[in-house]
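First up is the structure itself, then whatever we jot down about it.
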Amino acid sequence: MEKIMMRKMKDNQSGVISAIKVGGELGRRIRDMGLVPGATVKIQGRAPLYDPVAIRVMGFTLTLRNNEADHIEVEVG
Amino acid sequence: MEAKIALTGNPNSGKTTLFNELTGARQHVGNYPGVTVEKKEGTYIHNGDKIHVVDLPGTYSLTAYSEEEVVARDFLVNENPDVVIDIVDAANLERNLYLAIQFLEMGVPVCIALNMIDAAKSRGVEINAERLSTLLGNPVIPTIARTGKGKKELITAAVKMAQERERKDPLKISYGDDLDEAILEMEKAIKTSNFLTDTYQARWVALKYLENDKQILSKGKGINPSVSARLEEIVEKVSLHLQRTLNIYPEAMIADQRYGYINSIIKQGVIQHKYDQNRLYTSDKIDKVVTNRFLGPIIMIAVLIALYQFTFTYSEVPVGWFESFFGWLGDTASAHLPDGLLKSLVVSGVIDGVGGVLGFVPLIMFMFLGIALLEDSGYLARVAFMLDRVFRTFGLHGSSVMAYIVSGGIAGGCAVPGVMATRTLKSPRERLATLLTVPFMSCGAKLPVFVLLIAAFFAKNEATIMLAITLISWAGALLVAKFLRVTIIKGESTPFVMELPPYRLPTFKGLAIHTWERTWQYIKKAGTVILGISIILWAMMTFPGLPGSRVQEFDNMRETVKVAAGETAVRELEASREETKLSGQSEALQNQLIIIDGKEAEEGLRNSVAGRMGIALEGVSKWAGFDWRTNIALVGGFAAKEVVVSTLGTAYSLGEVDPEETGSLSETLANTPGWSPLVALSLIIFTVFYAPCFVTVVMIVRESGSWKWGVFSMAFNTVLALVLATLVFQIGSIMGILVS
Ligand SMILES: Nc1nc2c(ncn2[C@@H]2O[C@H](COP(=O)(O)OP(=O)(O)OP(=O)(O)O)[C@@H](O)[C@H]2O)c(=O)[nH]1
């Protein structure tokens, strides 16, 4: 088990969110969409310019910019 | 009885579909006061009861960060709907319940529509609605909004709730010992001083203080600063404690606990997954191709070009009908009204003005049909996803691309639907920057101006120059957007935390209603503001007209040539119709008369308010190489950009020039001293950047919600255009490029 930032995750890699390290509007939006500690996420793919990233959480697909994914810490197995 | 029902739910949960299914054509679209969020209302007759349905904006949560959320929240507390129907996407139960339990915490009566059960089923998700209903303590009715299944049962349950009118206690979720203790303490303080309790529940106010909710905090401060300070103190204390012990802020803790609560509910036999949740669905397989690194951009370009072709090819025929109709109307009015001001007002002011605007209607309809198709199918979200990296560099958002394309990103669009297309952008700053810069694109009305100038001065390099113009408009728009985003619209970029909805086949009804709504808004505008402005523009180009003595002199000139030509020629000309072949003598007479008419029109224009403005502006415009004739034409271009061409025609005494046939005018320009390729280039640059036409300005005002931005776009764009054109002209003149 190792904790890395979501930006570092590879395509198709999955993990469990361990912390969201941002407050304010961004933090709120991230949490509102179901990205909370304990949620399982999987990287679906990246846009042609490698940013934003598409992730799968709770059965739906969500997009985030890389600098936003930088605030999400994921435990990967 | 009458009941008021509010529809709420996450974006993409099928809210609009259900609303349309319920209200059909009995709906009304407006705006919430003071904001640009759309408000839809309608009625539904159920067993003889008239039910008033309001569609609230789709949101994921009830914080105070976005306008939509504030609007939804305010509606619930101020308008007190009898029931709130929360539409929940069954395929995404957990995230959708996050909003639902926030309604329950607010204490509003909620009836849940468990929508898209068909889609959920095909994903292997089974939901036990009864169990969910028992656990939540609220009705849960399975529906399929697309087919109307479950609609009756849903409304029956909602009406029953409305009739019973029993207000249940708000849901109480445990937020952990520390927060629970703080909430209790705050509740006590709130209740004893009746702090905000006439509108909100005490516990809810406490929660909002913990969540650091801007709206409630400022309301609280306004009403009772000392209680507010006391509450903030409690928040501060528990916040410090939480950060020290768990390294977490209260608002994060609250969100975590809410999801924890949802989890505990759905684990009690509410949901059954037949397949692994991360399994690839059809939609994901499509995405593997459609957002592929290499194929993705190619497909995207193909789709955008197809949208464009679709819009402009298919709308051409109905646009032609509109044009012929208004042409016929103009001719009929000309034939039946006596010569003079009234005729000029009706024909040039009213019919040409409104006709020009209504002529766009089919174009706008097709454009919005195309956009609705891309939006409802889910493809638009992918376009935003793929292009976000590029647009973000300029302070914009991936979704901005649609507005640019529609406005003429591929030469020939129209900024009016372009400005309206910015509605799909949910981020306010990015949206404003987009709608202020889309008018720089090469819209269809600017093309005749470019074609005229290219034909006169750059005939050999037509394609290259056109391409260069398109690139200049893109570069200009993006750079100006960046400039605006670091100056007057500065601020953090809105997070790109966005859902990629599964691909869905759009329904015909959905597309039709969507398209009609937008088109109708446009028509309503054309009927009111735009009519007024086109009359003002007409008056500016007409008054004060020539003094009587001068008119007399022109009449005398006509008489003189007629006398010189002889009576037979005059009679032949008067009896002739358009297609008759004239004898040499009367043809010469006709030409002489046309020249005199042209001179008179030129003098009249020069003497009009617009003409005087043109002359007065020469002092400034000469730096960019424009004389008064060009200036008037540009003033006229405010009505619609192609008017630049016809006005130039009048100013060069060629009479009105049809923008489609500019041969003689471009010849005249090429041979007029004072014109050079450099002047033409400077004018091209000016035309790309200067004030948008007034229809676009009216739409900018509407979409930005303030006159300020309309005025800004006229002033800023014109100054920018003047500076750029002056630079081109001065640098060119100094270096001796293109001067002859
Ligand atoms: N399979 C299925 N599709 C549905 C159902 N209800 C709606 N849809 C489709 O889901 C898509 C989104 O529906 P909308 O009604 O536009 O959703 P909305 O909640 O209004 O979304 P926003 O307009 O983004 O707020 C449309 O393509 C609908 O046709 C349903 O019960 N089953």
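Heads up: the sequence lines are chains A and E, in that order. Note that the numbering used here gives residue 26 to position 26 of the first sequence, counting from 1, and the numbers run on in steps of one. Numbering-wise, the numbering used here comes out as the position in the second sequence, counting from 1, plus 1000. The C-beta atom is built at its ideal place from N, Cα and C for all residues, glycine as well.
Problem set entry | Selected residue, minimal CA-CA separation from residue 1234 of chain E, among E:1157, E:1189 and E:1633 | The shortest C-alpha separation from residue 1234 of chain E is found at E:1189.
Exercise. Which runs of the alpha helix (DSSP H), 4 residues or longer, sit entirely within the stretch 1301-1380 of chain E?
Worked result: Fully enclosed alpha helix (DSSP H) runs of no fewer than 4 residues occupy 1341-1344, 1352-1358 and 1361-1377 of the stretch 1301-1380 of chain E, in order along the chain.
Exercise. Do residue 1583 of chain E and residue 1574 of chain E come within 8 Å of each other at the CB atom, strictly closer than that value?
Worked result: No, the pair does not count as a contact, with Cβ atoms beyond the cut-off.
For this session: Report yes if the C-beta of residue 1420 of chain E is less than 7 Å from at least one heavy atom of ligand 1; otherwise report no.
Result: Between ligand 1 and the CB of residue 1420 of chain E, the shortest heavy atom gap is not smaller than 7 Å.
For this session: Go through its chain and collect everything with a Cβ distance to residue 63 of chain A's Cβ below 6 Å, but skip five positions before and after it.
Result: 52 and 54.
Problem set entry | DSSP-derived helix/strand/coil call for residue 1044 of chain E | Assigned with DSSP and collapsed to three states, residue 1044 of chain E falls in strand.
Problem set entry | Contact under 8 Å by Cβ, residue 1253 of chain E with residue 1240 of chain E | No.
Exercise. Nearest to residue 1508 of chain E by CA position, among E:1219, E:1015, E:1020 and E:1007, is which residue?
Worked result: Residue 1508 of chain E has its Cα closest to that of E:1020, out of E:1219, E:1015, E:1020 and E:1007.
For this session: Taking all protein chains shown into account, decide if residue 1552 of chain E is buried (16 or more other Cβ within 10 angstroms of its Cβ) or exposed.
Result: Under this definition residue 1552 of chain E is an exposed residue.
Exercise. Is residue 1504 of chain E near ligand 1, judged by its Cβ being under 7 Å from some heavy atom?
Worked result: Yes; taking the cut-off as 7 Å, the Cβ of residue 1504 of chain E has a heavy atom of ligand 1 nearer than that.
Exercise. Grouping DSSP H, G and I as helix and E and B as strand, with all else coil, what is residue 1622 of chain E?
Worked result: Judged by DSSP in its simplified three-state form, residue 1622 of chain E adopts helix.
For this session: Verify the CB distance criterion: does residue 1500 of chain E have a CB-CB separation below 8 Å to chain A?
Result: It does; some Cβ of chain A falls within 8 Å.
Exercise. Does the stretch 1135-1143 of chain E touch the stretch 1043-1059 of chain E, meaning 3 or more C-beta pairs lie closer than 8 Å?
Worked result: They do not touch, by the three-pair rule.
Exercise. How far does the alpha helix (DSSP H) with residue 1469 of chain E in it reach, from first residue to last?
Worked result: In the DSSP annotation of this structure, the continuous segment of the alpha helix (DSSP H) that includes residue 1469 of chain E starts and ends at 1462-1486.
For this session: Anything in chain E within Cβ reach of residue 20 of chain A, meaning under 7 Å, just list it in chain order.
Result: Identification of chain E residues near residue 20 of chain A by a Cβ-Cβ cut-off of 7 Å yields 1252, ordered along the chain.
For this session: Note down, in chain order, every chain A residue with its Cβ under 8 Å from the Cβ of residue 1063 of chain E.
Result: What residue 1063 of chain E touches in chain A: 28 and 32.
Exercise. Along chain E, which residues have their Cβ under 9 Å away from the Cβ of residue 36 of chain A?
Worked result: By Cβ distance, chain E contributes 1252, 1255, 1256, 1258, 1259 and 1260.
Exercise. In this structure, does DSSP put residue 1084 of chain E in helix, strand or coil?
Worked result: The three-state secondary structure of residue 1084 of chain E, taken from DSSP, is strand.
For this session: Please go through the same chain and pick out, in chain order, the residues whose beta-carbon is closer than 7 Å to the beta-carbon of residue 1148 of chain E, but skip the five residues on each side of it.
Result: Contacts found: 1021.
Exercise. Comparing the C-beta of residue 1 of chain A with each C-beta of chain D, is any distance below 8 Å?
Worked result: This model lacks chain D altogether, as its protein chains are A and E.
For this session: Determine which residues of the stretch 59-73 of chain A have a Cβ less than 7 Å from any Cβ of chain E, and write them out in chain order.
Result: Against chain E - using a Cβ distance shorter than 7 Å - the residues of the stretch 59-73 of chain A are 59, 60, 61, 62, 63, 64, 65 and 68.
For this session: Could you say which of E:1116, E:1108 and E:1191 lies nearest to residue 1167 of chain E if we only look at CA atoms?
Result: With distances taken between Cα atoms, residue 1167 of chain E lies closest to E:1108.
Exercise. In chain A, what lies closer than 7 Å to residue 1389 of chain E by C-beta?
Worked result: Going along chain A in sequence order, the residues near residue 1389 of chain E (Cβ under 7 Å) are 47, 49 and 51.
For this session: Would you decide whether residue 1309 of chain E is buried or exposed? Buried here means 16 or more other CB atoms lie within 10 Å of its CB.
Result: The residue in question, residue 1309 of chain E, is exposed, as its Cβ has fewer than 16 Cβ neighbours within 10 Å.
Exercise. Apart from the five residues on each side of it in sequence, which residues of its chain come closer than 8 Å, Cβ to Cβ, to residue 1494 of chain E?
Worked result: Close CB contacts of residue 1494 of chain E within its chain, under the 8 Å cut and outside five residues either way in sequence, are with 1397, 1426, 1427, 1428, 1429 and 1430 (chain order).
For this session: Determine the DSSP secondary structure at residue 1284 of chain E, reduced to helix, strand or coil.
Result: Residue 1284 of chain E falls in the helix class under three-state DSSP.
Exercise. Cβ of residue 1144 of chain E versus every heavy atom of ligand 1: is any distance shorter than 7 Å?
Worked result: Yes; taking the cut-off as 7 Å, the Cβ of residue 1144 of chain E has a heavy atom of ligand 1 nearer than that.
Exercise. By DSSP, does residue 9 of chain A sit in helix, in strand, or in coil?
Worked result: Looking at residue 9 of chain A - three-state DSSP - the assignment turns out to be coil, as it is neither helix nor strand.
For this session: Report the residue from E:1161, E:1563, E:1114 and E:1621 whose alpha carbon sits nearest the alpha carbon of residue 1151 of chain E.
Result: Checked all of E:1161, E:1563, E:1114 and E:1621; the closest Cα to residue 1151 of chain E is E:1114.
Problem set entry | Stretch-stretch touch, CB-based, cutoff 8 Å, three pairs: the stretch 1081-1092 of chain E with the stretch 1004-1019 of chain E | The stretch 1081-1092 of chain E, when compared against the stretch 1004-1019 of chain E, does touch it at the 8 Å Cβ threshold.
Problem set entry | DSSP three-state assignment for residue 1038 of chain E, whether helix, strand or coil | If DSSP states are grouped into helix, strand and coil, residue 1038 of chain E belongs with the strands.
Problem set entry | Any chain A beta carbon closer than 8 Å to residue 1017 of chain E | No, residue 1017 of chain E lies away from the interface with chain A (no Cβ there is under 8 Å from its Cβ).
For this session: Please work out which residues of its chain come closer than 8 Å, Cβ to Cβ, to residue 1515 of chain E, disregarding the five sequence neighbours upstream and downstream, and give them in chain order.
Result: Cβ neighbours of residue 1515 of chain E within its own chain (closer than 8 Å, five residues either side excluded): 1365, 1368, 1369 and 1372.
Exercise. Taking one C-beta from the stretch 1174-1181 of chain E and one from the stretch 1122-1134 of chain E each time, how about it: are there three or more such pairs within less than 8 Å?
Worked result: No, the stretch 1174-1181 of chain E does not touch the stretch 1122-1134 of chain E.
Exercise. So, does the CB of residue 1330 of chain E fall closer than 8 Å to a CB anywhere in chain A?
Worked result: For residue 1330 of chain E, the answer is no, since every Cβ of chain A falls outside 8 Å of its Cβ.
Problem set entry | Buried versus exposed, by CB contacts within 10 Å (16 or more), residue 1225 of chain E | Exposed: under 16 other Cβ atoms inside 10 Å.
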